[in-house]
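Okay, structure first, notes after.
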Amino acid sequence: MPPKKPDAGTLGLLGGTFDPIHFGHLRLAEEAREALGLAQVALIPAGQPPHRDVPQSPAADRLAMVRLASAGNPGLVVDDGEVFAPSKSYTILTLERLRALHGAGRPLVLILGADAFNGLPGWHRWQELFGLAHIAVANRPGYAPHGRRWPGTLSPELDAACAGRIDTNPAVLHGSPAGRVVPFDMTPLAISASLIRDLIRGGHSARYLLPDSVLDYIGLHHLYRRT
């Protein structure tokens with residue numbers, strides 16, 4: 001079914017495999033919402049991620065875990081478009097769908113980590129992304145906008161695509177629907193989905209790395225256990 005259209009205002013977009021979703025993902029969404037002045041952040045679980053191995057849990061389970069994790073936070077919404085799409089989860093297709101849903105004028109902000117942003121030239125139709133959304137780049141404190149890692153280490157191809165787009169003031173995101181690149185600081189949390197899967201597979205506790213509701217769902221559905 002099509003996602004419910006969120007409230008008006010600048011909308012952040014945070015995609016991921018979410019296998020499973022954890023506090024690192026949720027804290028990134030919350031900090032992006034505050035730092036960038038976003039009305040909401042849409043969490044977008046990938047159905048068939050094109051650049052990664054096949055997820056270890058089915059898309060329906062990953063979607064259910066994202067719904068549980070975001071419940072009770074009005075600043076987060078869940079978009080299930082990639083989960084139910086028949087094709088691979090290319091970001092450009094998601095942005096085209098969301099632009100059609102929200103109209104030409106609503107600001108959309110694609111939230112990426114610095115490493116993912118640096119890898120943009122390897123993405124499908126990546127140069128078209130700037131025409132559909134702004135891009136917010138999450139960096140560890142002290143590394144942006146003039147730190148050693150970013151933007152000084154952008155590849156020549158990405159550097160050329162970003163010419164005239166980079167701005168350190170999040171307010172620019174709200175004045176136009178797309179086209180700007182804005183860095184922001186995030187709190188680094190040493191949590192990964194692979195760590196959580198390994199802990200569960202080994203019979204160890206993963207509590208306090210992800211919401212209890214998600215952990216209970218994993219136990220109920222026997223996800224990530226040894227087969």
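The numbering of the sequence shown is the UniProt record's numbering, which starts it at 1 and goes up by one. Glycine residues also receive a C-beta, built at the ideal position from the N, C-alpha and C atoms.
N- and C-terminal bounds of the beta strand (DSSP E) containing residue 102: First-last for residue 102: 91-102, but that is the alpha helix (DSSP H), not the beta strand (DSSP E).
At least 3 beta-carbon pairs within less than 8 Å: the segment 57-74 vs the segment 102-112: no
Residues of its chain near residue 215, where Cβ-Cβ distance is below 8 Å and the 5 sequence neighbours each way are ignored: 206 and 207
According to DSSP, residues forming a beta bridge with residue 111: 136
Of the residues 37, 29 and 20, the one placed nearest residue 61, counting alpha carbons only: 20
Beta-carbon spacing of residue 46, residue 96 below 8 Å: no
Chain-order list of residues whose beta-carbon lies under 6 Å from that of residue 162 (same chain, five-residue window excluded): 181
Segment limits, alpha helix (DSSP H) that includes residue 23: 23-36
With 16 other Cβ atoms within 10 Å as the buried cut-off, status of residue 148: Confidence at residue 148 is low in this model, with a pLDDT of 43, below 50, so the placement of that residue should be treated as unreliable; the coordinate-derived value is given next. Exposed is the call here.
Pairwise C-alpha distance: residue 25 and residue 211: 11 Å
Residue 39 versus residue 33: straight-line alpha-carbon distance, rounded: 7 Å
Per-residue burial, residue 16 [other beta carbons within 10 Å of its own, 16 or more giving buried]: buried
Simplified DSSP state of residue 191, which is helix, strand or coil: coil
Nonlocal neighbours in the same chain, by C-beta distance under 6 Å from residue 132, ignoring five residues either side: 95, 99 and 178
Where residue 43 sits in the DSSP three-state scheme: strand
Of the residues 198, 225, 185 and 203, the one placed nearest residue 27, counting alpha carbons only: 185
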